[in-house]
Amino acid sequence: MTASSTRRTTAARSRLAAVGAIAVAGALLLTGCGDQTKDKDKDSGSASNSAPLADKLPQDIRGKGKIRVGSDIAYAPVEYKDSSGKVVGLDPDLAEALGKQLGVTFEFQDGTFDALLTGLRSDRYDIAMSAMTDSKNRQEGIDPDTGKHVGEGVDFVDYLTAGVSIYTRKGDTEGIKTWDDLCGKKLAVQRGTTSDDLAKQQAKKCPKGKKLSIEAFDDNQQAQTRLRSGGVDAVSADFPVAAYAVKTSGGGKDFELVGEQVEAAPYGIAVSKEETQLRDALQAAMNALIKNGEYQKILEKWGAQDGAVKESVINGGK
1 MTASSTRRTT AARSRLAAVG AIAVAGALLL TGCGDQTKDK DKDSGSASNS
51 APLADKLPQD IRGKGKIRVG SDIAYAPVEY KDSSGKVVGL DPDLAEALGK
101 QLGVTFEFQD GTFDALLTGL RSDRYDIAMS AMTDSKNRQE GIDPDTGKHV
151 GEGVDFVDYL TAGVSIYTRK GDTEGIKTWD DLCGKKLAVQ RGTTSDDLAK
201 QQAKKCPKGK KLSIEAFDDN QQAQTRLRSG GVDAVSADFP VAAYAVKTSG
251 GGKDFELVGE QVEAAPYGIA VSKEETQLRD ALQAAMNALI KNGEYQKILE
301 KWGAQDGAVK ESVINGGK
């Protein structure tokens, strides 16, 4: 979600369409091994039989049979908990499909977004998968505010392209159409995201007497609540999240999108730079999903097909 570039894109360059209706129908990940027929092997998660890329994983992860995923599970529709408490969304569906290729399960662990990379560096997670924008700053471990190194960078396995949007209360746009229109207004964002970075950059450009006030929250739901109550004039978030909020909050009566998407950039799965074998295994599995059509089906399920990539690359963010 944090991008180092200040380049803004137009709607024609945005990648994601409005988010479709939610359908929760995940298939179980099976990891059992044994003497089974070929047909049964096709439906199991057996590393030795039905998981074609299992041998690409590091031995320690194959032994554990799982990949620990750090994620901010409050970012619908990319990842969130449904009414039963199950973790669902675009990322969990992709992770499940990756698991079938690799013969492991992906275990999502909830965390605040701006602490995910710290958790990855401290070995709390094996990967971070949370609508995270692949950027040079993150690759190199640089704080975008100070330009200084704050820790070891990470590698990204890119898998989607998304832009950033602004939304307001429905029928009360305060004349906001562009980021320049936010000068003199109050904006809510999720801490540590691209929207947070862009807001800080915009605040520096605002003329004297028209200060942009920024309120940063741990998750986007808190930002939405602040907007709904009238505490701020607008919220900025990744387009799929903004579009989902507009579509679903109050039955579509609470919010509306304003202006165009900006900062189209790749989402990536973050991996420690030391874990090159895990990184390459994830890339191979993602490309296998792209090739066999499963990737496209998952994106279509969540209305994200316009953000599809033709190939997963390493560190494609600028």
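Residue numbers (the UniProt record's numbering): 1 to 318.
Every residue, glycine too, gets a C-beta built ideally from N, C-alpha and C.
- For Arg-228, the enclosing alpha helix (DSSP H) starts and ends at 220–228.
- DSSP, reduced to helix, strand and coil, places Val-150 outside both helices and strands of the structure shown, so it counts as coil.
- Lys-148 counts as exposed, since fewer than 16 other C-beta atoms from the protein chains shown sit within 10 angstroms of its C-beta.
- Per DSSP, the unbroken beta strand (DSSP E) holding Ile-269 starts and ends at 255–272.
- Pairwise C-beta distances place the region 67–77 in contact with the region 208–226, as three or more of them are shorter than 8 Å.
- Rounded to whole angstroms, the Cβ separation of Thr-105 and Gly-65 is 7 Å, and the two are in contact under 8 Å.
- Fewer than three pairs of CB atoms, one per stretch, sit closer than 8 Å, so the region 241–260 makes no contact with the region 153–160.
- Here the alpha carbons of Arg-138 and Arg-121 stand approximately 12 Å from one another.
- Between the alpha carbons of Lys-177 and Val-258 lies a gap of roughly 5 Å.
- Around the C-beta of Gln-296, fewer than 16 other C-beta atoms lie within 10 Å, and the residue is accordingly described as exposed.
- Judged by pairs of C-beta atoms under 8 Å, the region 268–284 does not touch the region 184–194, as fewer than three such pairs exist.
- A direct Cα-Cα distance of roughly 18 Å separates Lys-291 from Gly-103.
- Measuring C-alpha to C-alpha distances from Pro-58 to each of Ala-304, Arg-279 and Pro-92 identifies Arg-279 as the nearest.
- Pairing Ile-61 with Glu-107 gives a Cβ-Cβ distance that is not under 8 Å.
- The residue from Ser-83, Ala-265 and Glu-96 with its alpha-carbon nearest to that of Gly-307 is Ala-265.
- Excluding residues up to 5 positions away in sequence, Ile-166, Thr-168, Ile-176 and Leu-187 lie with their Cβ nearer than 6 Å to the Cβ of Ala-234 in the same chain.
- Around the C-beta of Ser-83, fewer than 16 other C-beta atoms lie within 10 Å, and the residue is accordingly described as exposed.
- For Lys-247, no beta strand (DSSP E) segment is defined; the enclosing uninterrupted segment is the alpha helix (DSSP H) at 239–248.
- Assignment of Asp-155 by DSSP, reduced to helix, strand and coil, places it in the strand class.
- Secondary structure note for Asp-110: its beta strand (DSSP E) is the uninterrupted segment 105–110.
- For Lys-170, the secondary structure class from DSSP, reduced to helix, strand or coil, is coil.
- Judged by DSSP secondary structure, Gln-202 falls within the alpha helix (DSSP H) whose first and last residues are 194–205.
- When C-alpha distances from Gly-317 are compared across Thr-133, Tyr-125, Asp-72 and Arg-191, the shortest belongs to Thr-133.
- Apart from the 5 residues on each side of it in sequence, Asp-145 sits with its Cβ closer than 7 Å to the Cβ of Lys-200 in its chain, given in chain order.
- Of the candidates Val-232, Ile-314, Gln-190 and Lys-170, the residue whose Cα lies closest to the Cα of Gly-251 is Lys-170.
- Relative to Gln-109, the option among Leu-94, Val-69 and Asp-143 whose CA is nearest is Val-69.
- Looking at the backbone, the Cα of Ser-272 and that of Asp-126 are separated by about 8 Å.
- Secondary-structure assignment with DSSP links Ser-312 through no beta bridge to anything.
- Distances from the alpha-carbon of Gly-230 to those of Asp-172, Asp-72 and Glu-311 put Asp-172 closest.
- Nearest in C-alpha terms to Glu-256, of all of Gln-305, Gly-209 and Thr-248, is Thr-248.
- Taking a C-beta distance under 8 Å as the contact criterion, Val-262 and Val-164 qualify as a contact pair.
- The C-beta of Thr-161 has 16 or more other C-beta atoms within 10 Å across all chains shown, which makes the residue buried.
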